[in-house]
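Worksheet: one structure, shown below.
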Amino acid sequence: MKERPPVSPHTVIARAGKRGRALARRLGRLLGRQTTESPPVPLPPLDPRPDLSVVLGTLDRKPLLQAAIESVRRETRDIDSEIIVIDGGSRDGSIDWLTAQPDIVTIVQHNRVERDGRKAMRRSWGSFINLGFRTARADAVLMISDDCLLLPGSVAAGLARLRQDGAEPVGGVAFYFRDWPLDADYYVQLTLGGTLMVNHGLFSRAALAAVDGAEEERYRFYKADGDLSIRITRAGFRIVDCPQAVVEHYLDPDEALRIDNNATLEHDRAVYLARWRDELGPRLTEGMGRKTIAFRDPQKLAEQVFGPIAAARRGAA
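Going left to right, the sequence shown walks through residues 1 to 317 as the working numbering numbers them.
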């Protein structure tokens, strides 16, 4: 049997006459081809990329979260910015409050579960915070905790520091902080190998992309921030401090005691040392410590904001 040559769609449409021409016009619209009809009505533009993305995680700490967000709003009033909050499944009304805030991008990831009668995490801190990093659209990403207050002028000073020129680009800016009410002095930390680390502060989008964000597999909750800082410096970026960028970090004395007796901390610390022992060699623990600044907040914002929260917690205990 003799095969017929294939018939092109255009031939079929031509043979179909008037209906074929109508079909051709519909296909042209679907395929984006130019037709004789009027051009589409322009859509409103999407928001441009902001200059700053603020990322923080939270779980069941609504009063502290609200205070942190208020300080972010105050500090970014004159900065084109976005706020991204990852909630781990709060049950204290935080999610309802967050989703009612039009200026906040809220990601809910129910991260705490019970397995065999024990509390467990579905994802590590690194995986959790990476949800925010990967959502961020700005070239500068500010990472703080839900129990932090940004002191006046900190964000503007940090951004200026991040954008400084140098032989190596700045990949991170460490903000000075203290654990209120336990500490009097504000400090940044030097982790393994004497590497300056970002507990709270800024990262460049380029630096985060170069190392694919925080480590998600090795650490459960602690030490992933120090690991991130080390990997950023080894990727060719500098991490610098900024004495004009200061954070108040709320740490309840009872919580501090629990951290000191925390099995997860012990696990993550051991993994952290093992991870970098071969690469850093004898320099592994050299230069570790704190770098402090002589600063006192004249406004005493921590006392004003954290003081009533701490009193309310004591009253509810």
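Beta carbons are placed, not taken as given, at the ideal position from N, Cα and C, and that holds for glycine.
Assignment of beta strand (DSSP E) within the stretch 218-288, counting only whole runs of 3 or more residues, yields 238-250 in chain order. Taking each of D60, W180, I107 and E279 in turn and checking the Cα distance to D92, the smallest one comes out for D60.
Per the Cβ contact rule, the stretch 76-90 is in contact with the stretch 102-118 (3 or more Cβ pairs under 8 Å). Going by DSSP, I83 is part of the beta strand (DSSP E) stretching over S81 to D87.
Just so you know, the alpha carbons of S127 and E216 end up roughly 5 Å apart. When secondary structure is reduced to three states using DSSP, I144 falls in the coil class, being assigned neither helix nor strand. Judged by DSSP secondary structure, T135 falls within the alpha helix (DSSP H) whose first and last residues are W125 to T135.
For G194, the closest of E168, D268, P181 and R234 by C-alpha to C-alpha distance is R234.
Between the stretch 39-59 and the stretch 67-77 there are three or more inter-stretch CB-CB distances shorter than 8 Å, so the stretches are counted as touching. The beta carbon of D80 sits closer than 6 Å to those of P50 and D51, all from its chain and outside the five residues before and after it, given in chain order.
Between L228 and V41, the alpha-carbon positions lie close to 46 Å from each other. Beyond the five residues adjoining it in sequence on each side, P243 comes within less than 7 Å, by CB distance, of Y176 and I293 in the same chain, given in chain order. Counting only the Cα atoms, V188 lies some 10 Å from V240. Exclusion of the five residues before and after F295 leaves Y186 as the residues of its chain whose Cβ lies within less than 6 Å of its Cβ.
Collapsing the DSSP output to three states places R122 in coil. In this structure S154 is buried. Its beta-carbon is surrounded by 16 or more other beta-carbon atoms within 10 angstroms. Annotation note: the stretch 35-77 contains the following uninterrupted alpha helix (DSSP H) runs of length 4 or greater, listed N- to C-terminal: 62-75.
Distance from the Cα of A310 is smallest, within the candidate group H249, R220, V113 and G132, for H249. Residue environment analysis places E82 among the buried positions, since at least 16 neighbouring C-beta atoms fall within 10 angstroms of its C-beta.
Remark: C-beta atoms of T285 and I230 do not approach each other more closely than 8 Å. In the DSSP assignment, no residue is bridged to Q109. Residue pairing by DSSP places S204 opposite A140 in a beta bridge. DSSP places F295 outside both helix and strand once states are collapsed to three, so it counts as coil.
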